[in-house]
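Asks: Chains as they are written, first to last, in my numbering: chain V, 1 to 166; chain H, 1001 to 1166.
What follows is the structure, given as structure tokens:
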């Protein structure tokens, strides 16, 4: 069995998760998908990477069930977009944890401060386990918004996962 | 500015965190460092990767301040080991989140069940934000142990970070 194949079947769930998402572009794609990007050209513009690299990552995320390809009609011919599945949306706590670590241990340009993860309905900053202390309950991913101080006029709702009928 | 350089300075703390740890071998190394591995040969045996790949990852983790190289005396000549810094230890919530996701969305061999993250002193499973409901307080990383059902006789304490005097 190859090392990669072994990690995909490892008894350790961390090893198996890393096998799926332990890649910089994959994590960047999932971050942007969580705040609403769905189209190849949007990801390409945001990440600034080559078409073949982006295409390989998106295809793998579809194959592994974190994104689903679905048609949309714009101007002209029908195109495909990439929507989060429940498995993709469930990575949100990983993104939260990376945000906390990045805020504590790295320095960005301009020192603009942390991302605030808030309950969309009431604006309260979410606590551990996504609890909203104003509403006294745990908030689902699609009830959360991100306030990013480098985008000062924007409160971005987290994308709702697409229900996949199997 | 190169794309990589831009990500290291991105205003988004998630992008900056991914720039440091968004790599499969880096995440595997940090997982094993958190449960006590410190030596090149230990990481090599556990990960099964080539010396040059492991060496490059360890060097980068030292350069980025997540591991620190420190001498130890065994039999024969003095060697170097790699110990977690506070920045490396602070990645524990990322590993917790990956464990939860991996347990929900991937399947390993034998279906042996999740890792239990417990308070070492009392054995209570830790809740969100590492709260121990038995002791009524938040537990630091070095007070936590991992119970992994595929290692049934072992309760592994999480490594304490090394204090680095700068």
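No residue lacks a Cβ here, since even glycine has one placed at the ideal position from N, Cα and C.
1) Can you list, in chain order, the residues of the region 8-30 of chain V whose Cβ is nearer than 9 angstroms to any Cβ on chain H?
2) Since residue 79 (chain V) is in the beta strand (DSSP E), which residue starts that stretch and which ends it?
3) List the residues of chain V whose Cβ lies closer than 7 angstroms to the Cβ of residue 1103 (chain H), in chain order.
4) Where residue 62 (chain V) and residue 32 (chain V) are concerned, what is the direct C-alpha to C-alpha distance, given to the nearest angstrom?
5) Note down, in chain order, every chain H residue with its Cβ under 7 angstroms from the Cβ of residue 100 (chain V).
6) Once you ignore the five residues that flank residue 138 (chain V) on each side, which residues in its own chain have a CB closer than 8 angstroms to its CB?
7) Using a Cβ cut-off of 8 angstroms, which residues of the region 1139-1164 of chain H contact any Cβ in chain V, in chain order?
8) Near residue 1126 (chain H), which residues of its chain fall below 7 angstroms by C-beta distance, leaving aside the five closest residues on each side in sequence?
9) Is there at least one Cβ from chain V nearer than 8 angstroms to residue 1109 (chain H)'s Cβ?
10) Let me check understanding here. Comparing Cα to Cα, which of H:1066, H:1100, H:1095 and H:1093 lies closest to residue 90 (chain V)?
11) Beta carbons nearer than 7 angstroms to chain V: which residues of the region 1106-1135 of chain H have them?
12) Out of V:19, V:52, V:30 and V:124, point me to the one whose CA is closest to residue 155 (chain V)'s CA.
13) Could you tell me whether any Cβ in chain H is nearer than 8 angstroms to the Cβ of residue 63 (chain V)?
14) Taking residue 1070 (chain H) as part of the beta strand (DSSP E), name the residues at either end of that continuous run.
15) Please work out which residues of its chain come closer than 6 angstroms, Cβ to Cβ, to residue 1046 (chain H), disregarding the five sequence neighbours upstream and downstream, and give them in chain order.
16) Closest Cβ-Cβ distance between residue 1090 (chain H) and chain V: below 8 angstroms?
17) Shorter than 8 angstroms from the beta carbon of residue 87 (chain V) to some beta carbon of chain H?
18) Under 8 angstroms between the Cβ atoms of residue 13 (chain V) and residue 1150 (chain H)?
19) Where do the N-terminal and C-terminal ends of the beta strand (DSSP E) with residue 144 (chain V) fall, by residue?
20) Taking the beta strand (DSSP E) that residue 1157 (chain H) belongs to, which residues open and close that run?
21) Residue 116 (chain V) lies in the beta strand (DSSP E); which residues open and close that run?
22) Determine, using beta carbons only, whether residue 88 (chain V) and residue 67 (chain V) come nearer to each other than 8 angstroms.
23) Alpha carbon to alpha carbon, how far is residue 1135 (chain H) from residue 44 (chain V)? Give it in angstroms, no decimals.
24) With 16 as the cutoff for other CB atoms within 10 Å, does residue 93 (chain V) come out buried or exposed?
25) Quick check on residue 1010 (chain H): does DSSP put it in helix, strand or coil?
26) Would a C-beta distance cut-off of 8 angstroms place residue 1038 (chain H) and residue 1164 (chain H) closer than the cut-off?
27) Less than 8 angstroms between CB atoms is the rule here; does residue 1050 (chain H) satisfy it with respect to chain V?
28) Throw me the rounded Cβ distance for the residue 96 (chain V) and residue 1018 (chain H) pair, which I believe falls under 8 angstroms.
29) Taking the continuous alpha helix (DSSP H) assigned at residue 1026 (chain H), which residues delimit it?
30) Kindly list the residues whose CB is nearer than 6 angstroms to the CB of residue 1161 (chain H), restricted to its own chain and excluding five residues on each side of it in sequence; keep chain order.
31) Output yes if chain H places a C-beta closer than 8 angstroms to the C-beta of residue 97 (chain V); else output no.
32) Give the DSSP-derived three-state secondary structure of residue 87 (chain V) in the structure shown.
Replies: Quick answer:
1) 8, 9, 10, 11, 12, 13, 14, 15, 16, 17, 18, 19, 20, 21, 22, 23, 24, 25, 26, 27 and 28
2) Locating residue 79 (chain V) in the first chain gives position 79, where the first residue counts as 1. Here the beta strand (DSSP E) through residue 79 (chain V) covers 78-84.
3) On the second chain, residue 1103 (chain H) is found 103 positions in, with the first residue counted as 1. In chain order: 13.
4) The residue labelled residue 62 (chain V) in the question sits at position 62 within the first chain. The residue labelled residue 32 (chain V) in the question sits at position 32 within the first chain. So the alpha carbons of these two residues sit roughly 15 angstroms apart.
5) Here the question's residue 100 (chain V) lines up with position 100 in the first chain. What residue 100 (chain V) touches in chain H: 1093.
6) For the purposes of this step, residue 138 (chain V) is taken as the residue at position 138 of the first chain. So the qualifying residues of the chain are 129, 130, 131 and 132.
7) 1148, 1149 and 1150
8) For this step, residue 1126 (chain H) is matched to residue 126 along the second chain. 1117, 1118, 1119, 1132, 1139 and 1144.
9) For this step, residue 1109 (chain H) is matched to residue 109 along the second chain. Yes, residue 1109 (chain H) counts as interfacial toward chain V.
10) Residue 90 (chain V) sits at position 90 when you count from the first residue of the first chain. The option with the nearest alpha carbon to residue 90 (chain V) is H:1100.
11) 1106, 1108, 1109, 1110, 1112, 1114, 1115, 1128 and 1129
12) Along the first chain, read from residue 1 onward, the residue named residue 155 (chain V) stands at position 155. Minimum Cα distance to residue 155 (chain V) is reached at V:124.
13) As a first step, residue 63 (chain V) must be located in the first chain, where it is residue number 63. Closer than 8 angstroms: no.
14) Residue numbering aside, residue 1070 (chain H) sits at position 70 when the second chain is read from its first letter. Note, residue 1070 (chain H): beta strand (DSSP E), 1067-1073.
15) Within the second chain, the letter at position 46 stands for residue 1046 (chain H). The residues are 1032.
16) Your numbering for residue 1090 (chain H) matches position 90 in the second chain. Chain V, which has a Cβ nearer than 8 angstroms to the Cβ of residue 1090 (chain H), makes this yes.
17) If you number the first chain from 1, residue 87 (chain V) lands on position 87. Interface residue, yes.
18) For the purposes of this step, residue 13 (chain V) is taken as residue 13 along the first chain, with counting starting at 1. For the purposes of this step, residue 1150 (chain H) is taken as residue 150 along the second chain, with counting starting at 1. No. Outside cutoff.
19) As a first step, residue 144 (chain V) must be located in the first chain, where it is residue number 144. Looking at the DSSP string, the run of the beta strand (DSSP E) that includes residue 144 (chain V) is 144-147.
20) As a first step, residue 1157 (chain H) must be located in the second chain, where it is residue number 157. Unbroken beta strand (DSSP E) run through residue 1157 (chain H): 1155-1157.
21) In the first chain, residue 116 (chain V) corresponds to position 116, counting from 1. First-last of the beta strand (DSSP E) with residue 116 (chain V): 116-119.
22) As a working note, residue 88 (chain V) is residue 88 in the first chain. As a working note, residue 67 (chain V) is residue 67 in the first chain. Cβ distance < 8 angstroms, so residue 88 (chain V) and residue 67 (chain V) count as in contact.
23) If you number the first chain from 1, residue 44 (chain V) lands on position 44. If you number the second chain from 1, residue 1135 (chain H) lands on position 135. Roughly 49 angstroms between the two C-alpha positions.
24) The residue you call residue 93 (chain V) lines up with position 93 of the first chain. So residue 93 (chain V) ends up on the buried side.
25) In the second chain, counting from the first residue as 1, residue 1010 (chain H) sits at position 10. Three-state DSSP puts residue 1010 (chain H) in coil, outside helix and strand.
26) Numbered from its first residue, the second chain carries residue 1038 (chain H) at position 38. Numbered from its first residue, the second chain carries residue 1164 (chain H) at position 164. In this structure, residue 1164 (chain H) does not lie closer than 8 angstroms to residue 1038 (chain H) by Cβ.
27) Looking up residue 1050 (chain H) in the second chain gives position 50. Closer than 8 angstroms: no.
28) By 1-based counting over the first chain, the position of residue 96 (chain V) is 96. By 1-based counting over the second chain, the position of residue 1018 (chain H) is 18. Contact flag wrong, Cβ pair sits at about 13 angstroms.
29) Numbered from its first residue, the second chain carries residue 1026 (chain H) at position 26. First-last of the alpha helix (DSSP H) with residue 1026 (chain H): 1024-1034.
30) As a position in the second chain, residue 1161 (chain H) is number 161, starting the count at 1. Only 1084, 1085, 1086 and 1089 meet the Cβ criterion.
31) Here the question's residue 97 (chain V) lines up with position 97 in the first chain. Yes - at least one Cβ of chain H is within 8 angstroms of the one on residue 97 (chain V).
32) Your numbering for residue 87 (chain V) matches position 87 in the first chain. Helix at residue 87 (chain V).
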